[in-house]
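Numbering (our numbering), first residue to last: 1 to 123.
Glycine included, C-beta positions come from ideal geometry on N, C-alpha and C.
The structure displayed is predicted, hence computed values, not measured ones.
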């Protein structure tokens, strides 16, 4: 049973379900409406429900058959190799991230006036 719970398909199914549930939780305040008069939360809820269904199907199928087990990650060599490069530019990277966030907020929240708050309600 331990091999099944460590299979790539089972863990991917769990991850899909977690993302679907997280999306439903983050969009809980959005009005869904009906199929004829869709609200801002209709399509996100539909996509999250599909993610949950696909994840449950993938996890259930992985329990019925054996699959590849997940390999252990090798973070340390990767991080050390990146630090050895000496070409880390933290300030330009942070500026690029801030610029991309500002552009996305300007396009979707300000320009298109989509009724999605830029920050989650929990913050």
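Assuming residue i and residue j make a contact with CB atoms under 8 Å, what is their CB distance in whole Å?
{"i": "residue 40", "j": "residue 30", "result": "5 Å"}
{"i": "residue 49", "j": "residue 13", "result": "Incorrect: roughly 15 Å between the Cβ atoms, too far for contact."}
Taking C-alpha atoms, which residue in the options lies nearest to residue i?
{"i": "residue 17", "options": "52, 32 and 48", "result": "52"}
{"i": "residue 56", "options": "99, 103 and 20", "result": "20"}
{"i": "residue 8", "options": "90, 65, 89 and 98", "result": "65"}
{"i": "residue 11", "options": "61, 33, 48 and 98", "result": "61"}
{"i": "residue 116", "options": "15, 96, 32 and 100", "result": "32"}
{"i": "residue 125", "options": "96, 120 and 105", "result": "What is shown of the chain runs 1 to 123, which leaves residue 125 out entirely."}
Does the segment 14-29 come into contact with the segment 90-110, if we say contact requires no fewer than three beta-carbon pairs (one atom in each stretch) closer than 8 Å?
no
Of all the alpha helix (DSSP H) runs that stay within the bounds of the segment 2-59, which reach a length of 4 or more residues?
2-5 and 8-26
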